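With positions in the sequence shown counted from 1, the corresponding number in the working numbering is that position plus 7. Glycine included, every Cβ here is placed at the ideal spot set by N, Cα and C. These figures come from a predicted structure and were not determined experimentally.
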Amino acid sequence: MSKQVKVLLVDDSQVQLKECKQYLEQQQEVEEVRIANNGIDAYEILEKERIDVVIMDLILPKMDGFGILERLSTRNDMDKPEIMVLSALSQESVVKRACEMGVEYYMIKPFSPQMLHKRIIELNNLKIPEVRRIVRTVQKPTIGEKSRDEKITGVFLTIGIPAHIKGYHYLREAIKVVMDNEDVINRITKELYPRVAKRFNATPSKVERAIRHAIEVAWARGRIENINGMFGYNIYGKNDKPTNGEFIALVADKLKLEQIA
C-alpha cells in the first residue's frame, strides 16, 4: 500500500513524541508524522497543513486539547482531521465531553505503538464517506479507580481552566487541602493561602490572585453549562462567578461525595 496518511502527534512528553514518531514513520501507510508539544503550535500546524489524523493528549501547555477542539469547531473553511485522544485521564465527564466535541477514539495511557498504528488506519478510513456511514466508533475506556489528582484535573478540563496558568496548580493544591480538612476553608486567608504558597514557594497574595484569575478564565470561556452539569444543578449564570472559597469548597465537597459513593 502506498503511503497516504499524514499524522500530527501532540503531547508535552518529548520521549513519547519521539517513540511514537519513530515507530509510525516505519509504517508504509504513513506519509509523514508532524509533532507539536503544546496546543498553540498544534493548532497552527492544522491551520497551515493538510493533516489526516491528529493524536493528542488533553493536558497540554499554552492551550489544552479542548481548546484545540473548540477552535476547530468554528472553522468551516478548512478540512477537519480525524481526532484521537491519547490521555491518562479516564474521568467519564472528560471522555463524554471529548466525544461530544468530535473525538473519534479515546485511548487511555499506557498504550502500544502497534495499537496506535491500527487506530490511525481506522481513523483515516473514516475519511471515506461510505466507510464513515458504517464505522463511527468511539473507544471509551474502562473506568477504574482514579487518583485524586486525576479527578481534579478532570474537573478543571471540563470547566475550562487551562493547565499552563499558575492558578491551575494553586487551585488544585487548595482543593486537596480542603478535602483533607474541610474546616480550613473557614480560614482561607490565614491558613489555606499560606499553606499553598509554602508548597509553591510563593506568597499568599499571589496565590489568591492566581486562583481568582483561574476561576475568571473558566467563566470567560463560557462553559457555564458544563460547570452546572458537573455539579448536577443550575447553580451559576454567566455573571455569577463564585468567590475563591466558594469554588474550592464546592469542588472539594463534590469529590469527597464521589469518594463516599
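Close CB contacts of V214 within its chain, under the 7 Å cut and outside five residues either way in sequence, are with Y177, Y200, V203, A204 (chain order). Listed in chain order, the non-local C-beta contacts of I172 below 8 Å within the same chain comprise A217, H220, A221, V224, local neighbours out to five positions each way being set aside. Secondary structure at I66: coil, using DSSP grouped into helix, strand and coil. Distances from the alpha-carbon of I195 to those of P211, D187, R206, G46 put P211 closest. Counting the other Cβ atoms within 10 Å of the Cβ of K158 gives 16 or more, which makes it buried.
With a cut-off of 8 Å on Cβ pairs, the segment 83 to 91 is in contact with the segment 47 to 62, counting three or more such pairs. Here M108 carries a coil assignment [DSSP, helix/strand/coil]. The three-state reading of DSSP puts E253 in helix, counting H, G and I together. By the criterion of a C-beta distance shorter than 7 Å, E32 is surrounded in its chain by V40, once the five residues flanking it on both sides are discounted. The bridge partners DSSP lists for E39 are K13. For D48 and V37, the gap between their C-alpha atoms comes out near 21 Å. Linking R179 to Q11 through their CA atoms gives a straight-line distance of about 43 Å.
V110 and F118 have their C-alpha atoms spaced approximately 18 Å apart.
Straight across, the Cα-Cα distance linking I115 with A43 is about 20 Å. In the three-state DSSP reduction, L96 falls in the coil class, being neither helix nor strand. Here M122 carries a helix assignment [DSSP, helix/strand/coil]. Beta-bridge partners assigned by DSSP to M186: none are found. For the set E26, L76, M122, the Cα lying nearest the Cα of R104 is the one of L76. Proximity to L130 across K13, D260, L264 peaks at K13, based on C-alpha coordinates.
From the listed residues E54, T165, S94, the smallest Cα separation to E107 is found for T165. Here L264 is exposed. Its C-beta has fewer than 16 other C-beta atoms within 10 Å. In this structure, DSSP gives E26 a helical state, which the three-state scheme calls helix.
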